[in-house]
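Here the structure is laid out as structure tokens; the discussion comes afterwards.
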Amino acid sequence: MNKPHAELPDALSRWFDRRGWSLRAYQREVLDLAARNESALVIAPTGAGKTLAGFLPALCDVSRGAAGEDGLFALYISPLKALAVDVRRNLELPVAEMGLKLRIEARTGDTPASRRARQQKNPPHILLTTPEQVALMFSRPDSAKMFAGLRYLILDEIHALAPSKRGDLLALGLAQLAKIAPAAQRFGLSATVNEPAALARWLASGAARPPRIVRAEGAPPPRFEILASQSRTPWAGHSARYAVADIYARLRGAKLSIVFVNTRLQAEMMFQLLWDINEDNLRIALHHGSLDRAHRRRVEAAMAEGAVDAVVATSTLDLGLDWGDVDLVIQVGAPKSASRLTQRVGRSNHRLDEPSQALLAPANRFEWLECVAAVEAVAAGVQDNAEGDAPERAGALDVLAQHVVSRLGAEPMTADALFTEIASAAPYRGLSRETFERVLAFARNGGYALKAYERFEKIRADAKGVLRVANAKMLAAHRMNIGTITDNPMARVVTAVGAGRALKAGRELGTIDSLVAAGMAPGDTFYFGGEAWAVRELREEKLFVSRARANASTIIPSYMGGRLPVSESLAARVAELISGARALPFPPQVAEWLAAQAQISRIPRPGRLLAEIFPHARRHYLALYPFAGRLAHQTLGVLLTRRLARAGLAPIGFAANDYAVLAWQLRPFPETDGFLEQLLAPDMLGDDLEEWLDESSIMKRAFRNCAQVAGLVERRAFGQAKSGRALTISSDLIYDVLRRYEPDHILLQAARLEASREMLDLDRLAGKLVGFAGKIDSVRRERPTPLAVPLLLEIGREKAPGDAHDLALEELGDDLLAGDAR
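Heads up: the sequence shown begins at 34 in this note's numbering, then just goes up one per residue.
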């Protein structure tokens with residue numbers, strides 16, 4: 034039976050009138066679909082009111098009396114804890130002004146256990162939460178009772194969830210929800226969608242039919258400016274030190290700015306550089322994921338209150354929160370994808386009728402090209418994602434292993450019923466029964482090599498073949514480890530109180546990588562959270578520090594995770610730009626650089642691989658320009674050096690960026706016809722890859738991640754997080770046992786898939802190698818070429834304060850070009 038017509042009820046209509054608002058066309062379309070019991074994937078630009086559109090059907094029904102006195106009526110899921118909390122706060126005011134009697138609460142990992150327990154028994158009308166909390170709630174036997182009356186499900190920023198392990202886990206939860214509350218309508222919200230139909234199918238996991246796709250009316254296109262600095266654009270590097278004065282001048286002229294960078298190291302560095310020239314005493318703050326939660330919340334509150342002038346941030350401020358009256362976004366370095374640039378520019382002028390604006394400050398000459406490509410891609414409406422944007426991916430098997438235990442914790446099921454439900458989730462629709470049975474075997478006893486150990490038994494089958502969890506204690510431990518986010522081993526940075534044996538931990542500042550912390554000695558100083566700190570002691574994964582005065586040796590610690598990879602479509606656009614296929618007004622330094630490349634060597638051509646061979650400083654170099662992204666190039670560099678070693682050329686190492694890879698060796702390259710074609714043949718992804726993976730740490734790292742997600746190695750025990758060292762030792766020991774006694778174990782298969790997909794980018798590399806077969810442009814020169822200079826400057830690059838090293842590298846680049854010109 035259809036619901037009432039889609040017109041706004043009186044309470045909502047009066048509320049809109051008081052604000053001088055009216056329903057936008059796409060919001061009315063959402064209400065019309067809701068009235069016909071249909072779901073929707075809503076695609077709307079930032080500031081267009083899509084969050085309101087997601088909640089409107091529920092609020093209209095509540096206004097008409099559809100919600101009962103008790104029970105969960107609407108569930109909102111976001112990828113960020115802060116977003117769930119912020120949306121709750123922003124929802125409470127209009128609900129109160131409309132006179133709707135609703136209990137609205139948030140539930141995240143920061144919510145006290147007592148409140149989460151109360152929410153499970155007496156849920157609010159509207160609950161705002163995260164995918165991990167959904168998985169935790171769905172693992173409980175009372176989940177069916179809690180969610181049975183759910184009428185509306187709102188999933189925000191789903192482009193950030195679907196193509197990931199978090200998306201795999203949430204899709205399995207959606208399939209479970211479809212059984213509990215089959216009538217619940219789903220509304221997915223996103224500003225950046227590459228494949229709407231595929232994302233709609235993901236949103237329909239477990240449901241009878243996919244949602245309708247609703248697009249908002251066009252908003253004014255964003256305005257972009259690429260910095261034209263009077264300072265010299267560097268050959269290489271990612272600090273953008275040359276542009277700091279220009280960036281600061283823009284901050285002075287704006288009301289509230291966000292300065293986006295791509296890594297935490299860059300955030301700390303840019304903050305220090307801006308603070309060093311802050312003659313106007315601008316209120317500049319710092320925000321990134323390693324800083325303590327309380328620090329981040331203070332910065333967010335200050336932004337909302339207008340108590341800061343600028344914030345230097347990583348992707349922690351990317352998603353849909355309303356960060357106050359931001360009027361300028363500055364992207365330092367290349368954005369790496371059109372979707373990321375769209376998301377970030379949308380943080381400014383957070384209103385549909387006003388254009389967002391952003392200044393792009395490329396850190397080097399290659400990045401100038403990438404910034405141009407990204408701006409063009411946004412103007413063309415391209416949406417991509419550097420980490421992979423297609424939600425129609427094969428679901429991760431370690432996630433499936435975790436879900437199987439969680440699902441049986443909610444209710445016992447037969448294998449047939451469980452398989453049917455799992456296969457209705459979009460990422461697992463291609464799951465074979467044989468693979469499913471192997472996952473079940475792992476959950477039963479860990480597999481052949483581990484079944485002698487009782488602690489690996491998680492599920493059992495009774496005499497009727499019904500599967501259930503092994504015992505309550507195991508299930509309690511399992512719930513402590515639900516989720517797919519596996520951080521690198523981290524050390525907590527804490528202020529030191531007292532001295533010697535009486536040394537105690539004071540205020541927590543945040544976290545840094547354990548390996549970085551282990552490399553620091555007492556007395557070393559480093560920047561963290563925009564301040565200088567001196568190391569006192571490292572004890573039990575805690576780095577005790579005290580305030581210090583910065584000096585010439587004060588460092589900025591590096592963080593695992595590295596730089597963001599460029600998206601495939603953006604790399605292709607850069608290749609087109611560099612080929613000269615379209616005339617562009619390049620800045621003088623970039624134009625001279627490319628002109629010198631054309632004169633001295635060749636310009637890379639789309640669809641072909643440029644290979645340059647040259648000597649330098651008693652070494653012999655091979656520069657390749659596949660434009661395949663950093664991960665693919667790093668993998669190519671490893672495999673390339675293995676083949677060069679077999680050829681007796683004594684390779685020494687390689688360097689890679691998003692556009693090229695450079696290998697160097699002791700012996701000259703042979704001039705034999707076909708040598709390069711044999712060297713770069715696609716079959717290097719066969720035996721060469723297998724041998725290298727077996728010897729490398731890549732597989733161990735991938736296995737460590739998968740073992741944690743699957744529950745083979747517990748990240749937490751009775752509320753206490755295990756140390757990174759303990760996790761590494763446990764997973765490495767199990768990895769060695771499985772490789773020796775059960776090489777086809779399901780988690781080794783999962784680890785290999787993760788390594789190839791997320792650490793090596795093998796699909797992208799394979800496509801490039803196949804495409805370049807018979808299409809190699811080989812050039813031999815007596816000195817390095819202009820395009821090779823940035824790669825030469827990456828070799829042995831130090832991340833230290835001061836510009837002496839940068840200047841030395843720049844002089845080296847100039848000398849190389851001057852020599853070539855002669």
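Backbone N, C-alpha and C define an ideal beta-carbon position, used for all residues, glycine too.
(message) Is it buried or exposed, E400, if we count other Cβ atoms within 10 angstroms and call 16 or more buried?
(response) buried
(request) For K288, count neighbouring C-beta atoms within 10 Å of its own C-beta (all shown protein chains included) and say buried if the count is 16 or more, exposed if not. (result) exposed
(request) Locate the alpha helix (DSSP H) running through D50, then write down its first and last residues. (result) 43-52
(message) Check whether the region 808-819 and the region 638-651 touch, using three or more Cβ-Cβ pairs below 8 Å as the test.
(response) yes
(request) Would you decide whether W857 is buried or exposed? Buried here means 16 or more other CB atoms lie within 10 Å of its CB. (result) Here the chain has residues from 34 to 855 only, and residue 857 is not among them.
(message) With the cut-off set at 9 Å, would you say L771 and L781 are in Cβ contact?
(response) yes
(message) Would you call the region 393-410 in contact with the region 257-264, where contact means no fewer than 3 C-beta pairs closer than 8 Å?
(response) yes
(message) Helix, strand or coil, according to DSSP, for L194 in the structure here?
(response) coil
(request) Return the CA-CA distance between R638 and A269, expressed in angstroms with no decimal places. (result) 22 Å
(request) For the alpha helix (DSSP H) holding R635, just list the boundary residues, first then last. (result) Taken as a continuous stretch (DSSP letters only), R635 belongs to no alpha helix (DSSP H), as it is neither H nor E.
(message) To the nearest angstrom, how far is the alpha carbon of L205 from that of S323?
(response) 30 Å
(request) Per DSSP, which residues does Y768 bridge with? Please list them. (result) DSSP, once it has assigned bridges, lists no residue as partnering Y768.
(message) For a test of the three-state rule: what should DSSP assign to G543, helix, strand or coil?
(response) strand
(message) On the DSSP bridge list, what partners appear for D810?
(response) L643
(request) Report the three-state DSSP secondary structure of P823 (helix, strand or coil). (result) helix
(message) Going by beta-carbon coordinates alone, are V75 and L222 separated by less than 9 Å?
(response) yes
(message) Can you give me the C-alpha to C-alpha distance between D716 and R676, rounded to a whole angstrom?
(response) 11 Å
(message) With the cut-off set at 9 Å, would you say V472 and L508 are in Cβ contact?
(response) no
(message) Applying the 10 Å Cβ sphere with the 16-neighbour rule, what's the burial state of L393?
(response) buried
(request) Measure from the C-beta of L374 to each C-beta in chain C and report whether the shortest distance is under 9 Å. (result) Chain labels in this structure do not include chain C; a single protein chain is all it has.
(message) Can you find the residues in the same chain that come closer than 7 Å, C-beta to C-beta, to L722, ignoring five residues on each side of it along the sequence?
(response) L672
(request) Entirely within the region 149-209 and at least 3 residues each: give me those beta strand (DSSP E) ranges in chain order. (result) 159-162, 185-188
(request) Kindly indicate which residue of Q390, R149, A371 has the alpha-carbon position closest to the one of D417. (result) A371
(message) Can you tell me whether P715 is helix, strand or coil according to DSSP?
(response) helix
(request) Enumerate in chain order the residues of its own chain whose CB-to-CB distance from P819 is below 7 Å, with the five nearest sequence positions on each side excluded. (result) W626, A629, Q630, I633, L850
(message) Is it the case that the region 522-535 contacts the region 569-584, given that we only count it when at least three CB pairs across the two stretches are under 8 Å?
(response) yes
(request) Would you list the one or two residues that DSSP bridges to P648? (result) H653
(request) Counting only runs of 4+ residues fully inside the region 576-625, write out the alpha helix (DSSP H) ranges in chain order. (result) 601-611
(request) Consult DSSP for K537 and reduce its assignment to one of helix, strand or coil. (result) strand
(message) Quick check on A837: buried or exposed, where buried means 16 or more other Cβ atoms within 10 Å of its Cβ?
(response) Confidence in A837 is poor, its pLDDT being 41 and thus under 50, which makes the residue's placement unreliable; the coordinate value appears in the next sentence. When all chains shown are included, A837 counts as exposed.
(message) For R151 and L441, what's the separation of their Cα atoms in angstroms?
(response) 23 Å
(request) Quick one: residues in its chain with C-beta nearer than 8 Å to the C-beta of L794, no 5 flanking neighbours on either side, listed in chain order? (result) The question names Leu, yet the displayed sequence has Asp at residue 794. Answer for D794: P598, A661, G662, L664, A665, T668, listed in chain order.
(request) Answer with buried or exposed for A505, where buried requires no fewer than 16 other C-beta atoms within 10 angstroms of its C-beta. (result) exposed
(message) Do Q218 and L194 count as a contact pair if the criterion is CB distance below 9 Å?
(response) no
(request) Under the assumption that M179 contacts L105 (Cβ atoms under 8 Å), give the Cβ distance between them as a whole number of angstroms. (result) 6 Å
(request) Tell me the start and end of each unbroken beta strand (DSSP E) in the region 288-339 that is at least 3 residues and wholly inside, in chain order. (result) 290-293, 317-320
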